[in-house]
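Undergrad: Okay, here's the structure, questions in a sec.
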Amino acid sequence: MTRLYRLICASVLALAVAVVAPTAAHAVAYQFWGFYQLTDDGEWDFATEGTSAAVPEDGAVDGYRFAFSAGDDDERVPRDAPGFDDLCAGTAAVDGMKRVGLVLDTGRDVDAPEGETPPEPSARCVVADEDATSQEILTQVVEDIRTDDSGLICGIAGFPEQGCGDEVSEPTPEQLAADEPIEIPIVDGDATEEPSATETSAEPTSEEATEETTDATTEDESTDEATSQESTEDETSAEATATDAEPTPGEADTTQDSDSGIPPWAWAVGVVLLLGILAWAASAARNRRLDAADDHYLDEFRDDPRDGFSGHGPDDFDRR
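Our numbering numbers the first residue of the sequence shown as 223 and each following residue consecutively.
Pasting the structure below:
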């Protein structure tokens with residue numbers, strides 16, 4: 223009987239470990255914009271300072287990546303690492319200014335919050351003041367920057383629309399899958415790029431200059447009208463997207479309820495495990511009582527002279 227109870231307890235314990243262990247090992251992931259700096263070896267290194275405190279030098283390259291991360295062993299760096307020469311080869315140096323490479327990896331489709339699509343990744347060369355911080359350089363290129371009270375980058379170019387370093391308790395295997403390298407397109411040089419010597423030496427005549435000025439004015443007016451129309455359409459589209467992506471209070475409550483609490487099967491495993499331990503303890507106590515009773519009975523049998531014994535050994539045997 224004792225062996226049977228022990229076998230039952232061992233089976234219950236093994237079942238509990240087999241079911242609970244995978245859940246305990248399931249990593250919690252965080253969804254955020256990571257800030258990195260390119261080293262001299264061409265590798266991305268996680269920045270030791272925030273974007274508002276870091277002041278990159280001339281020739282540096284800043285990188286940003288939006289992704290899921292399940293801990294220190296799951297670092298998600300930009301999936302391409304173009305060097306400074308690749309980014310700023312077409313951008314002339316300016317006295318009193320610095321050139322800094324900027325790489326924006328908006329992540330995979332599975333990295334984006336539900337209902338959102340990440341913008342296209344891009345890389346470029348930025349000409350900025352010598353004392354400009356990484357955040358000021360980023361703001362110089364991207365207008366819609368969202369941060370929290372601590373200065374953490376929460377959104378770049380409106381992506382994602384909300385949230386900041388949110389915890390995801392049950393990331394999918396696709397979200398935790400290893401990254402595959404991509405080629406991030408390099409945008410043309412910064413607007414402060416100086417004209418080349420060939421362009422400067424080719425001076426137009428007075429009549430050509432007048433015609434070019436008229437054409438340029440007409441083109442500028444057309445461009446301004448097109449830009450105004452595009453801006454209006456973009457704002458309307460952004461408002462519609464924000465309205466669609468905003469969950470109702472009922473949906474938010476359902477999502478939070480599904481991600482929190484202990485699942486029912488965990489309670490069942492705990493109850494079975496507790497019952498097994500109690501059964502094992504009861505069996506052990508019963509066995510100890512039986513063993514004690516047997517020992518007591520044998521002692522009395524040896525000491526009873528009516529059974530022909532006057533002592534505890536064979537020499538004390540007294541036959542009647």
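Glycine included, each C-beta is placed from N, C-alpha and C at the ideal position.
Select from Leu326, Gln384, Gln362 the residue whose C-alpha is nearest the C-alpha of Ile404.
TA: Residue numbering aside, residue 404 sits at position 182 when the sequence shown is read from its first letter. For Ile404, the nearest C-alpha among the options comes from Leu326.
Undergrad: Any idea what DSSP makes of Gln397, helix, strand or coil?
TA: For this step, residue 397 is matched to residue 175 along the sequence shown. In the structure shown, Gln397 sits in a helix (DSSP, three-state: H, G or I).
Undergrad: Rounded to whole angstroms, what is the Cα-Cα separation between Ala350 and Val316?
TA: Counting from 1 along the sequence shown, the entry for residue 350 is found at position 128. Counting from 1 along the sequence shown, the entry for residue 316 is found at position 94. One C-alpha to the other measures close to 9 Å.
Undergrad: Are the beta-carbon atoms of Thr369 and Ile378 separated by less than 7 Å?
TA: Indexing the sequence shown from 1 puts residue 369 at position 147. Indexing the sequence shown from 1 puts residue 378 at position 156. Result no, Cβ atoms of Thr369 and Ile378 do not sit closer than 7 Å.
Undergrad: Rounded to whole angstroms, what's the CA-CA distance from Thr339 to Ala503? Just pull it up for me.
TA: Here residue 339 refers to the residue found at position 117 when the sequence shown is read from its first residue. Here residue 503 refers to the residue found at position 281 when the sequence shown is read from its first residue. Cα to Cα, the separation comes out at about 58 Å.
Undergrad: Could you tell me how far apart the beta carbons of Glu265 and Ala303 are, in whole angstroms, since I believe they sit closer than 8 Å?
TA: Taking the sequence shown and counting its residues from 1, one reaches residue 265 at position 43. Taking the sequence shown and counting its residues from 1, one reaches residue 303 at position 81. Confirmed, about 7 Å.
Undergrad: To which residues of the same chain is Pro335 closer than 6 Å at the C-beta, ignoring the five residues directly before and after it?
TA: Counting from 1 along the sequence shown, the entry for residue 335 is found at position 113. Excluding residues within five positions, the ones whose Cβ falls inside 6 Å are Pro382.
Undergrad: What residues are listed by DSSP as bridge partners for Glu389?
TA: Stepping through the sequence shown from its first residue, residue 389 is reached at position 167. In the DSSP output, where bridge partners are listed per residue, Glu389 has Tyr252.
Undergrad: Is the distance from the Cβ of Gly546 to the Cβ of Phe306 below 7 Å?
TA: What the structure shows of the chain is the stretch from 223 to 542, and residue 546 is not part of that stretch, so it cannot be assessed.
Undergrad: When you compare only the Cα positions, how much space is there between Gly281 and Lys320?
TA: In the sequence shown, the residue the question calls residue 281 occupies position 59. In the sequence shown, the residue the question calls residue 320 occupies position 98. Near 8 Å, if we compare the C-alpha coordinates of Lys320 and Gly281.
Undergrad: Nearest to Gln384 by alpha carbon, out of Asp294, Arg346, Asp366?
TA: Walking along the sequence shown from the start, residue 384 turns up at place 162. Among Asp294, Arg346, Asp366, the Cα nearest to that of Gln384 belongs to Asp366.
Undergrad: Would you kindly work out how many angstroms separate the C-alpha atoms of Ser356 and Val277, rounded to a whole number?
TA: As a first step, residue 356 is located in the sequence shown; it is residue number 134 there, counting from the start. As a first step, residue 277 is located in the sequence shown; it is residue number 55 there, counting from the start. Approximately 6 Å, taken between the alpha carbons.
Undergrad: For Glu297, tell me which candidate among Val283, Gly256, Ser274, Ala275 has the shortest Cα-Cα distance.
TA: Within the sequence shown, the letter at position 75 stands for residue 297. Nearest of Val283, Gly256, Ser274, Ala275 to Glu297, Cα basis: Gly256.
Undergrad: Verify whether the separation of the beta carbon atoms of Ala292 and Ala251 is less than 7 Å.
TA: The sequence position of residue 292 within the sequence shown is 70, counting from 1. The sequence position of residue 251 within the sequence shown is 29, counting from 1. It is a contact, given that the beta carbons lie within the stated cut-off.
Undergrad: So, for Gly364: in the same chain, excluding its five sequence neighbours on each side, which residues have a beta-carbon less than 6 Å away from its beta-carbon?
TA: Taking the first residue of the sequence shown as position 1, residue 364 is located at position 142. The residue asked about is misnamed: residue 364 is Val in this sequence, not Gly. Once the five neighbours on either side are set aside, the close Cβ partners of Val364 are Ile378, Ala379.
Undergrad: Please list the terminal residues of the continuous beta strand (DSSP E) segment that includes Ile408.
TA: Mapped onto the sequence shown, residue 408 falls at position 186. Per DSSP, Ile408 belongs to no beta strand (DSSP E) and is neither H nor E.
Undergrad: Indicate the three-state DSSP secondary structure (helix, strand or coil) for Val348 in the structure shown.
TA: By one-based count along the sequence shown, residue 348 stands at place 126. The answer is strand: DSSP assigns Val348 an E or B state.
Undergrad: Is it the case that the Cβ atoms of Gly272 and Gly373 are separated by a distance below 7 Å?
TA: For the purposes of this step, residue 272 is taken as residue 50 along the sequence shown, with counting starting at 1. For the purposes of this step, residue 373 is taken as residue 151 along the sequence shown, with counting starting at 1. The answer is yes: Cβ separation under 7 Å.
Undergrad: Do Ala289 and Gly329 have their C-beta atoms closer together than 7 Å?
TA: Numbered from its first residue, the sequence shown carries residue 289 at position 67. Numbered from its first residue, the sequence shown carries residue 329 at position 107. Yes. Within cutoff.
Undergrad: For Ser291, report the span of its alpha helix (DSSP H) as first-last.
TA: Stepping through the sequence shown from its first residue, residue 291 is reached at position 69. It is not in any alpha helix (DSSP H) - Ser291 instead sits in the beta strand (DSSP E) that spans 283-291.
Undergrad: Kindly indicate the opening and closing residues of the alpha helix (DSSP H) around Thr361.
TA: The residue you call residue 361 lines up with position 139 of the sequence shown. From DSSP, the alpha helix (DSSP H) with Thr361 extends over 356-363.
Undergrad: Find the nearest neighbour of Arg287 within the set Cys310, Gly318, Gln259, judged by alpha-carbon distance.
TA: Locating residue 287 in the sequence shown gives position 65, counting from the first residue. The shortest C-alpha separation from Arg287 is found at Gln259.
Undergrad: On the three-state DSSP scale, how would you describe Gly377?
TA: Along the sequence shown, read from residue 1 onward, the residue named residue 377 stands at position 155. Of the three classes helix, strand and coil, the one that applies to Gly377 here is strand, per DSSP.
Undergrad: Check Arg321 in the structure and name its three-state DSSP category.
TA: Counted from its first residue, the sequence shown places residue 321 at position 99. In the structure shown, Arg321 sits in a strand (DSSP, three-state: E or B).
Undergrad: I need the DSSP call for Asp307, collapsed to helix, strand or coil.
TA: What you label residue 307 is simply residue 85 of the sequence shown in a count that begins at 1. Looking at Asp307 - three-state DSSP - the assignment turns out to be helix.
Undergrad: Rounding to the nearest angstrom, what Cα-Cα distance links Gly318 and Pro343 in this structure?
TA: Reading the sequence shown from its first residue, position 96 is the one you call residue 318. Reading the sequence shown from its first residue, position 121 is the one you call residue 343. Spanning the two alpha carbons is a distance of roughly 30 Å.
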